[in-house]
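K.L.:
Numbering-wise (the numbering used here), the sequence shown opens with residue 30 and increments by one.
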Amino acid sequence: MRVICQSFADTVQLGQRLGQALRGGEVIVLVGDIGAGKTTFVKGVARGLAITDDIQSPTFTISRLYHGRDDIQLAHYDFYRLGDAGVMQLELAEAIAEPRTVTIIEWAQAVADVVPPDHLTITITAQSETARQLDIEAGGTVSTQLLQEVSA
Numbered sequence: 030m031r032v033i034c035q036s037f038a039d040t041v042q043l044g045q046r047l048g049q050a051l052r053g054g055e056v057i058v059l060v061g062d063i064g065a066g067k068t069t070f071v072k073g074v075a076r077g078l079a080i081t082d083d084i085q086s087p088t089f090t091i092s093r094l095y096h097g098r099d100d101i102q103l104a105h106y107d108f109y110r111l112g113d114a115g116v117m118q119l120e121l122a123e124a125i126a127e128p129r130t131v132t133i134i135e136w137a138q139a140v141a142d143v144v145p146p147d148h149l150t151i152t153i154t155a156q157s158e159t160a161r162q163l164d165i166e167a168g169g170t171v172s173t174q175l176l177q178e179v180s181a
């Protein structure tokens with residue numbers, strides 16, 4: 030599925046639509062250059078999960094955990110600064126195994142062997158100062174159903 034978001038607000042709104050469809054246990058891999066809008070998209074997902082905390086990029090902390098509706102947690106990881114994820118792979122694997130946790134991973138190359146086959150990959154590409162192209166691919170049954178729900 031390809032979506033063109035003309036503004037930051039559109040990107041947040043798409044993320045919110047996805048967040049509203051999440052039930053826990055889903056894994057989302059975000060791909061995009063620095064400044065592409067990955068954290069902006071996560072802000073929308075968090076809004077859809079009824080998270081009211083200020084969403085910040087975990088670039089320097091590597092991970093951030095937020096609590097949302099229906100006891101769903103959002104675990105947001107950013108492995109940009111890590112060539113080797115080391116012990117963080119264990120933490121990530123635990124988050125992925127948690128049925129009430131939605132896991133979002135930026136710069137997932139360092140942890141590719143931990144990411145389950147059934148996940149969404151969202152590639153964000155800047156089209157202009159504010160417009161973004163989002164290419165969303167499903168990698169399994171659960172993520173395919175999720176993508177169908179969001180695109181309906």
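We put the beta carbon where it would ideally sit given N, CA and C, even for glycine. The structure presented is a predicted model; accordingly, all values stated were derived computationally and were not measured.
1. Of the choices A181, T132, I80, whose alpha-carbon is the least far from that of D107?
2. Span of the beta strand (DSSP E) holding T132?
3. Please report the residue range of the alpha helix (DSSP H) in which E158 lies.
4. Determine the direct distance from the alpha carbon of Q162 to that of Q35, and round the result to whole angstroms.
5. Can V143 and Q174 be called in contact, C-beta distance under 7 Å?
6. Is it true that the CB of T130 sits closer than 7 Å to the CB of Q85?
P.N.:
Considering the structure as presented:
1. On the sequence shown, position 78 is the one that residue 107 refers to. Of A181, T132, I80, the residue nearest in Cα terms is T132.
2. Translated into the one-based positions of the sequence shown, residue 132 becomes position 103. Start and end: 130-135.
3. Stepping through the sequence shown from its first residue, residue 158 is reached at position 129. No alpha helix (DSSP H) holds E158; DSSP gives it neither H nor E.
4. Counting from 1 along the sequence shown, the entry for residue 35 is found at position 6. Counting from 1 along the sequence shown, the entry for residue 162 is found at position 133. Looking at the two C-alpha atoms, the distance is approximately 9 Å.
5. Within the sequence shown, residue 143 is the residue found at index 114, counting from 1. Within the sequence shown, residue 174 is the residue found at index 145, counting from 1. No.
6. Residue 85 sits at position 56 when you count from the first residue of the sequence shown. Residue 130 sits at position 101 when you count from the first residue of the sequence shown. The answer is no: Cβ separation not under 7 Å.
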